[in-house]
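Protein chains in written order, with my numbering: chain A, 1 to 80; chain B, 1001 to 1267. We treat Cβ as the ideally placed atom computed from N, Cα and C, and that holds for glycine. Here the structure is laid out as structure tokens; the discussion comes afterwards.
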Amino acid sequence: MWQLETVLLIFLVVAALLSLKVKDLLSASMIFGMYSFVMCLLWAAMGAVDVAFTEAAVGAGVSAVFFIATVYNTKRRSSD
Amino acid sequence: MRLFALIAVFITGGLLLYGTADFPAKGDPHSPANAGVPGTGPSISQYFVTETYNDSKVPNMVTAVLADYRGYDTMFETVVIFAAGMAIFAILRVVKGGRNPGTGIHHRLDKDSSGNGDHYDIIVGTTCKLLIPVIQLFSLYVIAHGHYSPGGGFQGGVILGASFILYAMATNLKASLARFSEQRFMSLACIGILIYAGFGFLSQFLQKNFLEYGVLQKVLLTDGPEMARSHSMLGVEVGVAFTVTAIMFAIYANLSSAGDLENGKGL
């Protein structure tokens, strides 16, 4: 399934660049969660199910919540 | 300066890409990691694939490598999680007054709604009431089934911690702290590490190496060292799950209330 992996890899790069570009920190953390989820799909496609599971739980799940909880402690919009 | 940074990033990225060209192809059976170095014995991955089940009766070799063959490594991975939680505790936690009160996500949510610290919403509340038991049951399955299927202490612990976070979001922080108080999650985080290290010291006490589970058959009363290794893996996974659950909730509780573990009452 190299076609699916190529699409996912392109999506991964787009999500990574977007999360750096977006000024709104809340959207940036959501996009970062999306990045983690695509990464999780890629791990699963490579057959590393344990790593994919960890990535889904830690990367896409809890760390997005932590980021959002942190954004509320700062200003919502980034200046750079 | 920005241009310089851009050039530096491109050069570093180019060097990294150049370095990956030396890697063997994905799944290449003739790479040294898979086929071994000619003239020596079988490679380590061949050993894991063929001998894991004979060594410890654990079908999921990823867990066997994680919790047994490199158990020392995983123990300090758990300590890293613990240290991260302690660092956040040390930086954020304020006992009285507060550094900048009222800036946490819970303060804001509570201020926006009724003002008495309770932002209970019937749709969110009912959904969470239905979902949380399922999530917790699934996390216990992931922990207990870690050596038969993908999963284990880290993943299950994160899911269990996330269920408490969900409860805090659906009701309020105080309600979840009433069920899982600070004293309780802090001691649970320490107990997890002590369980893991306890398995190590127990095998050392029985005159073997640290975390050499096979010798624990005398304590666990299993038939043969293989089952002792399997059961010890379950034991250390439970220890990891304790620490990870507690630390995940501790991080959330401290981050979301800016360290005072209070609702937005009276702000």
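Given F67 (chain A), which residues of its chain have a CB within under 7 Å of its CB, disregarding the five upstream and five downstream residues? S29 and F32
Report, in whole angstroms, the separation of the C-beta atoms of F974 (chain B) and F1249 (chain B), which I expect to be a contact under 8 Å. Outside the displayed range of chain B (1001 to 1267) lies residue 974 (chain B), so it cannot be described from this structure.
My understanding is that S36 (chain A) touches A60 (chain A), with C-beta atoms under 8 Å, so please give their C-beta distance in whole angstroms. 4 Å
Proximity test, Cβ basis, 7 Å: D50 (chain A) and chain B: yes
Thinking just about the alpha-carbon of each residue, which of B:E1077, B:T1052 and B:I1122 is nearest to the one in Y1069 (chain B)? B:T1052
Compare the C-beta of S1257 (chain B) with all C-beta atoms of chain A and state if any pair is closer than 7 Å. no
Taking any Cβ of chain B, which residues in the stretch 30-60 of chain A have a Cβ under 9 Å from it, in chain order? M46, G47, A48, V49, D50, V51, A52, F53, T54, A56, A57 and V58
I want to see whether chain B comes within less than 7 Å of T6 (chain A), judged by CB atoms only; does it? no
Within 8 Å of chain A by C-beta, residues of the stretch 1149-1170 of chain B in sequence order: P1150, G1151, G1152, F1154, Q1155, V1158, I1159, G1161, A1162 and I1165
Alpha carbon of M1075 (chain B) to alpha carbon of L1015 (chain B), nearest angstrom: 34 Å
If the cut is a Cβ gap below 7 Å, which residues of chain A does M1248 (chain B) touch? The answer, in chain order, is V62.
Between the alpha carbons of M1233 (chain B) and L1017 (chain B), how many angstroms are there, rounded? In a straight line, the C-alpha of M1233 (chain B) is about 38 Å away from that of L1017 (chain B).
Proximity test, A60 (chain A) beta-carbon vs the ligand GTP heavy atom, cut-off 6 Å: Only the bare structure without any ligand can be found here, which leaves the ligand GTP out of the picture.
Here's a check: name, in chain order, each residue in its chain whose Cβ is nearer than 7 Å to the Cβ of Q1204 (chain B), leaving out the five neighbours to either side. So the qualifying residues of the chain are F1210.
Just to confirm the assignment: which complete alpha helix (DSSP H) runs, minimum length 4, are found wholly within the stretch 1010-1077 of chain B? 1032-1035, 1044-1056 and 1061-1064
Under 7 Å, do I1143 (chain B) and E1237 (chain B) count as touching if we go by C-beta distance? Pairing I1143 (chain B) with E1237 (chain B) gives a Cβ-Cβ distance under 7 Å.
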